Structures are given as structure tokens and as C-alpha cells.
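Only one structure is covered here, and it is reproduced in the block below.
Numbering (this note's numbering), first residue to last: 4 to 694.
Put into C-alpha cells, the structure is as follows:
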């Protein structure tokens, strides 16, 4: 264990001295500050000279046309230009100074070195949101590896078009890994990229976990009806984020469609468009699809064109389509249909309340089929476009050709009629939305129409105090502090007969109290008039849907709305359209605090006025008893279980002053309530009823 003489020793510096220096990472945008078009041109030309490569005239022309360099420039178009490694390196001088929305590198003969250099630049400088690398057959494994790295690291890349750029077995794992780890890609085009087999299996497995991709285009990949379709079916079972799946020009077959239908059955939300154009599907596959369609809730576009479906296939599909509640667009072009198939399609059209477009071109649909379609369009009000061959089909009876022309014109007129109706409906809905977004808020002036000279002393001060306090009351009611008074739009002072309006107000965050039941009680309604507290006539006449207050429950001229107490009250009414285009009105009636002395005078006036009003009040003006409590927590009078004969007025009055009212009102309001009639065999309203 002894050290030999001359043995080497290792020593380390102290902790403070062990780090000799540090370098900050380079800012990719250090060259992009206040850059000009001339600087970009000069830098690119110098790079081309240094790398000894040819300048690209098409590129120089585009640089000269750059205007606003601060945001992303629309497009850098290099389509068809030959880009070798040196030309790609020279492009860095542009990418380090400017960003683009679209970088188009279609058919640029990229090799592995050039592709990997370009993708590294695009990733580092975040150069593009849309990238087109289609028709580059030689980017190889290293090119795809760099592309996958770019997809994984770049947060701004949303669209990648790699059509006709082969993604082979040894490159697919890189792309699959990039798609599994949260890629920002929303649209991925992989048409004709030799995906069948292991590449598709890796891709589908990775996409099960991807939550960002919305559109996947896999056309022309020779996908088969066994393993490939099983992978796609599995993908649909687990991924409910992909909205467009394009499988045109593959070999899915009926067996493959069965796997895809299994996946569709699991989709509750998600797939909106499914394209199965030219996949050798027959009537057998349509039976699977017909059973699946009633369960799909999000599928809006289904394209089955160029498949030998035939009349039997459409019959298999018909019941599924009728049971479906989502399909808006259906493609049946060149599906070997005749008049018999057109009749089945017409039955679906007649039943459908939502179909917008139907494509029946390149089928042998003659007079009989056109007649069925024309009749169906007479009862259908949704179909906006029905595509049929313009030229009539040959018939054995020559006069039928003219009939076909007339039927084609009828069908087009039916679509036009539906289009006009749809436009009018849309305009109406827009107007309603605009009116719903602008709630009407009014502070109503005190009524002076029915008042004699005894109301004039209070009106001037009332108007003054309204002006002073309107601001703070409006703010209070907006913040939900006020307890507004609700007014049913069918009968001014009645208790709410449904909770839909209170649902609306609960959604809006308003704490409303149902005070409509205060003025009258079914228990004490032996003919005593129920004064209308809520709406003044001037308020009801300027609101578009009439609130039938004056007609349905006429208020006597000496009711509370026209007593001298109007000088002591301020009313704030907020109306807003709710469900079913009804208008709900919330009104707040507030007694001004410094007029407490006048409120006692109000009660005396009420005693005097309630007796003559008795014969004028119709019996149906009172609301029938409601067995259930109101939705906002107010207890209906009948539910209080009180006997009108055993109420004591002094008990009621003391209870009104000492305990809070059941619907959350301030106790000050009880002073403004009408007293029950002293007539009627000495019956008195109970405490609950008076509250």
C-alpha cells in the first residue's frame, strides 16, 4: 500500500475555482433585430459566394417583395428548385432573420445531408408553421430523423405535408416517437409514403396517445383489409381527437371496414369526416356500416364514392342513415346505383331533417329514380346541394328524356328553395343573438298619470333622489347584491309557474328572489284585490314581446302602482331574452330610507284604497296554489300551511320587524305591503302569507 517514489498524484481545485467560466446559449434571434430587405439580400449573396453555390433567382425575387418583416411572412416558395447541401446551408442566412407561415420545399430533390440541415434550421429558428416536403424521395433515414426531431422540438409547426416521400421501416420509429411525445402537429399528410405494414403499426400505436393531431391523410398507401385495417380500428377506439381520416385509394375491403366500424362504435366524440373512396367496398361492408351509423354521434361527412356498393348496399345503409343523427354530407358518386337504389336514397332524404349535401353523380339514375328524388325534396327542407349528372340518361321511350330534364330542374329548384330558407333562418338567428347580447336596463320614472294633487308633493324630491342614487343601485344590482323582484312574462304579478327563467338567472350568476307572491295570498283572496307592484304601462309598451299585464290581470286605478308612495320608490328593471326567445324581466322596487315616515302614510292609504277596489278585481287574477316550493327558495303561500282564521295582526307585524323574511327580503319592505282586507268575516292573512 506504500507509494513508490515518483508516483503520480491527482489533485482537484477548491469548489470556488473548479468552474473557470460560463457561456450563455446563443440567442437564435440576435440577427433579426431591425433587419431590412437589403441586409437579407446581401447576407444571402455573401453566403452563396462563400459556399461557392449558385444563387436562386426565384428566391431573390421573393426577398425583394418582402414588406413587413416583423410578423411571419406568408410564404417562402422553393417548389421545384434543386437544393443540394450547399444551397440549403446558404438558406440559413434567410431563416436566421425572417420567419414564415409556409415553407414550400416540394420536389426540391433534397438528399439526406440537405434535408437534415434544413430541418435543423427550421427547428432552431422556428421558421415555419406549415411545411411542405412532399415529392422528395431521397431524404433517407437521416432526413426523416431530423424531421422527427423538428416535429418533436418545434412548438409552432402545425402542418406537415410529406406526400410521396417514402417513410420506410427504418425511418418510421423516429416519426412514431415524435408523434407519441406531445407534438404540436395538427395536420399530417402521409399519402403514398409506403406505410403498409410495420410503419403503419408504429404510427397508429403512437397516435393512440396523441391529443393534438386533428387531420390524418393516409391515401394511396396500399393499406390492406387485415393488419393495416385492424391497426386503424384500434386507433379509432383509443383516439377521439382525430377529426378527419382520409383512407381513399387503399385496399380496405369489406373485412377492413368491419375493423374500422368496430373503432367507430367506440367514438362518442371525435371523428367528423371519414373518406373511404375507392376501397373495393361492397354491399357486405355496407351492412357493417349500417349497423354502426346509429351509434356515431360526431360523424358529419361520409364519402363512399367509387365503391361497387350497388342497390343492395344502399338498402343496407338506408336504415343506419335514418337512425343516425349527425351525418350532414354523403358521397355516393359512382357506386353502381340504378333507379332502385335512388328510391332507397330518396326514402332517406325524405326522413332526414339535417342532410346538407348528397353526391349521386356517375350513376345510372333514370326517370323513376329522379321522380323519387324530386318527390323526396318536396318534403325535405335541409338539403342544399344534390349532385347529379347534367346530361339525361338514355331511355327506351324518347319522351322520358324530356321528363328527366324537367325532373332535374325541379330538383335544383328544391335545393334553391331550401338554400333561401336556410339563409333567412340564419339571419333571424343572428338578429336574436345580437338582441340577446344587449340586455335592456331601464330606471323607470314614477308613474304620475293616475295621480291627483296629493302625489305632487313627493314627486319632485323623488326625481332628485333617483338621480343621486341611480348609479349606486345599478352597481349593486350588477354585482348581485340587490334582491330584484321577478316578473313573470305571462301574468305580471303572479308567482313563477316554471323554473326555466330562474335557471336562466342562476346561470347568469344573479341571486334573484321571487317576490311576485308578496302582494296577494290564495289563503286571503276572498275577493281582495291584488295590487300590481311591478310593471308600469310605459315600461311594458316599449318592449318587443308584449307582457300581458294590463289585459290579463287589470290593476285597479287606486292600486299601489298609483298611490302617493311612488314618490318614495325607485325601480330598476333589467330584461333579457332567455330560452325559447321569451323575455324575462327582473325588477327591483326600493323604498328610499329617509322616507320612513311616508311609508306609514302609504299603509293608511292602502287600507282606504283596498276596499273600493274589491269588486273590480276578477277572481282568476290570483294564482292557483303551487304544491312545490319555488326554485329560488321562496316558500309559496299554500305550502306555508297556515290557517287564515288564526292569524293575529299584531303577531304578524312584530314577526315582520323581528325576523328576516323567508325569501331573503329586507324587513323594510314589509311596511310597503298591503294589509289584508278587514272585511270577509274577519279573516286575516297568516304571517307567512303576508311575508
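Backbone N, C-alpha and C fix where the C-beta goes; we use that ideal spot for every residue, glycine too.
Here the structure is a predicted model, which is why all the values come from computation and not from measurement.
Could you check where the alpha helix (DSSP H) with residue i kicks off and where it finishes?
i	result
residue 382	370-382
residue 13	Looking at the DSSP string, residue 13 is not in any alpha helix (DSSP H), and its letter there is neither H nor E.
residue 1	In the structure as shown, the chain starts at 4 and stops at 694, and residue 1 therefore has no counterpart that could be examined.
residue 406	402-439
residue 325	313-326
residue 286	286-295
residue 278	Careful: residue 278 lies outside any alpha helix (DSSP H), inside the beta strand (DSSP E) at 276-278.
residue 183	175-183
Can the beta-carbon of residue i be found less than 7 Å from the beta-carbon of residue j?
i	j	result
residue 386	residue 358	yes
residue 177	residue 128	no
residue 307	residue 331	no
residue 278	residue 249	yes
residue 191	residue 163	yes
residue 194	residue 222	yes
residue 76	residue 44	no
residue 255	residue 282	yes
residue 324	residue 299	no
residue 117	residue 160	no
residue 257	residue 236	no
residue 365	residue 341	no
residue 3	residue 310	The chain is shown only over 4 to 694; residue 3 falls outside these bounds and no answer can be derived.
residue 79	residue 106	yes
residue 375	residue 409	no
residue 352	residue 383	yes
In terms of alpha-carbon separation, which member of the options lies closest to residue i?
i	options	result
residue 338	45, 56, 220 and 315	315
residue 103	397, 431, 115 and 134	134
residue 46	93, 355 and 237	93
residue 217	252, 188 and 123	188
residue 155	140, 141, 171 and 183	183
residue 151	255, 123 and 141	123
residue 138	112, 15 and 438	112
residue 294	310, 282 and 318	318
residue 101	117, 36, 91 and 85	36
residue 346	326, 313 and 327	313
residue 81	108, 410 and 439	108
residue 292	273, 326, 309 and 408	326
residue 328	79, 303 and 381	303
residue 242	231, 226, 272 and 264	272
residue 214	169, 397, 186 and 145	186
residue 370	353, 23, 398 and 381	398
residue 157	146, 29, 131 and 180	131
residue 120	110, 42, 90 and 140	90
Where does residue i sit, in a helix, a strand or coil, going by DSSP?
i	result
residue 145	helix
residue 225	coil
residue 22	coil
residue 397	coil
residue 157	coil
residue 201	helix
residue 196	coil
residue 162	strand
residue 298	helix
residue 152	helix
residue 172	coil
residue 219	strand
residue 43	helix
residue 304	strand
residue 250	coil
residue 470	Summary for residue 470: the model assigns pLDDT 42, below 50, so the residue's position carries little reliability, and this model does not support an answer.
residue 361	strand
residue 17	coil
residue 134	strand
residue 191	strand
residue 245	coil
residue 36	coil
residue 126	helix
residue 640	The predicted position of residue 640 is uncertain, since its pLDDT is 42 and thus under 50; no value can be drawn from it.
residue 272	coil
From which residue to which residue does the beta strand (DSSP E) around residue i run?
i	result
residue 334	332-334
residue 235	Per DSSP, residue 235 belongs to no beta strand (DSSP E); it is in the alpha helix (DSSP H), 230-241.
residue 354	Residue 354 -> not in any beta strand (DSSP E); alpha helix (DSSP H) instead, spanning 342-354.
residue 309	That residue, residue 309, is in no beta strand (DSSP E); it is neither H nor E in DSSP.
residue 389	388-390
Original post:
Whole alpha helix (DSSP H) runs in the segment 55-123 with 4 or more residues, listed along the chain?
Top reply: Runs of the alpha helix (DSSP H) lying entirely within the segment 55-123, each at least 4 residues long, are 60-68, 88-93 and 95-98 in chain order.
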